[in-house]
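At position 19 of the sequence shown (counting the first as 1) the number is 18 in numbering that gives the first Met the number 0, and the numbers step up by one without a gap. For glycine and all other residues, C-beta sits at the position ideal for the given N, C-alpha and C. So the structure is just underneath, and the comments pick up after that.
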Amino acid sequence: MFHSLCFCRVAGGPADHIYIRNRKGFVAVAVEEGVDIVPVYHFGNTQCLSFGPKFLEPWGRKWRFSLGLLYGIAKSPIPRRVRLLMCVGAPVKVVKTARNDPHFQAVVDSTHAAYMEALQGLYDKHKGRYGWQDHPLVMH
């Protein structure tokens, strides 16, 4: 099985933002190898460290390169002490398909959509246990 992990950050109000919509490489590998994908979500992960300075974000997005530093307590690399909750969902079934198959991209797209749906369901199921009933998950 292939275990997935999303990198998250909090942006704006009380919501968790993950950048997953255009990240299909791990799904393509899983489809090519025929291994199921296990959705995993870590509540509180986005509270441990911050990223900055914020004025570099537009340049980093434009160049598709991370510009900035992660920081925690007193602007140091030491993470903040927060409660973490790791949730593991049921595996998303994957149909093994060769890369040269004309339907490969369609299989990757449908598997990725199923993975995103499973991740959303996992988040919705457990957000109350973490105390985030009013925090939606936003997938970019």
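Inset, instruction - Go ahead and label Tyr122 buried or exposed: buried means 16 or more other beta carbons lie within 10 angstroms of its beta carbon, across all protein chains shown. - result: What you label residue 122 is simply residue 123 of the sequence shown in a count that begins at 1. Per the 10 Å Cβ criterion, buried.
Inset, instruction - List the DSSP bridge partners of His41. - result: Residue numbering aside, residue 41 sits at position 42 when the sequence shown is read from its first letter. According to DSSP, His41 bridges with Met85.
Legend entry - Pairwise C-alpha distance: Ile17 and Val137: The residue given as residue 137 occupies position 138 in the sequence shown. The residue given as residue 17 occupies position 18 in the sequence shown. One C-alpha to the other measures close to 6 Å.
Legend entry - Simplified DSSP assignment, three categories, for Val137: Walking along the sequence shown from the start, residue 137 turns up at place 138. Of the three classes helix, strand and coil, the one that applies to Val137 here is strand, per DSSP.
Inset, instruction - Under 7 Å Cβ to Cβ from Gln132, same chain only, skipping five residues before and after it: list those, please. - result: What you label residue 132 is simply residue 133 of the sequence shown in a count that begins at 1. Within the same chain, Gln132 has close Cβ partners Lys126.
Legend entry - Coil, strand or helix - Ile19 by DSSP: The sequence position of residue 19 within the sequence shown is 20, counting from 1. Correct three-state label for Ile19: coil.
Inset, instruction - May I have a chain-ordered list of the alpha helix (DSSP H) segments no shorter than 4 residues that lie completely inside the region 29-78? - result: 44-47 and 56-62
Inset, instruction - Kindly indicate which residue of Arg80, Met115, Gln46 and Arg22 has the alpha-carbon position closest to the one of Arg63. - result: Within the sequence shown, the letter at position 64 stands for residue 63. The candidate whose alpha carbon is nearest that of Arg63 is Arg22.
Inset, instruction - Identify which residue in Ser75, Gln46, Val106 and Pro38 has its Cα closest to the Cα of Ile19. - result: On the sequence shown, position 20 is the one that residue 19 refers to. That would be Pro38, whose Cα lies nearest to the Cα of Ile19.
Legend entry - Arg60 versus Pro101: straight-line alpha-carbon distance, rounded: Taking the first residue of the sequence shown as position 1, residue 60 is located at position 61. Taking the first residue of the sequence shown as position 1, residue 101 is located at position 102. Rounded to whole angstroms, Arg60 to Pro101 spans 32 Å at the Cα level.
Legend entry - Arg128 burial status per 10 Å Cβ neighbour count (16 or more: buried): As a position in the sequence shown, residue 128 is number 129, starting the count at 1. Its Cβ having fewer than 16 others within 10 Å, Arg128 is exposed.
Legend entry - Range of the contiguous alpha helix (DSSP H) that encloses Val106: For this step, residue 106 is matched to residue 107 along the sequence shown. Phe103 to Tyr129 is the span of the alpha helix (DSSP H), which, as asked, contains Val106.
Inset, instruction - Would you tell me roughly how many angstroms separate the C-alpha atoms of Gln119 and Ile36, rounded to the nearest one? - result: Residue mapping note: residue 119 aligns to position 120 of the sequence shown, counting from 1. Residue mapping note: residue 36 aligns to position 37 of the sequence shown, counting from 1. Spanning the two alpha carbons is a distance of roughly 14 Å.
Inset, instruction - Give the secondary structure of Val94 by DSSP, where H, G and I count as helix, E and B as strand, and everything else as coil. - result: On the sequence shown, residue 94 is found 95 positions in, with the first residue counted as 1. Val94 falls in the coil class under three-state DSSP.
Legend entry - 6 Å CB neighbourhood of Ala117 in its chain, flanking five on each side removed: As a first step, residue 117 is located in the sequence shown; it is residue number 118 there, counting from the start. Cβ within range, chain order: Pro38, Gly88 and Val91.
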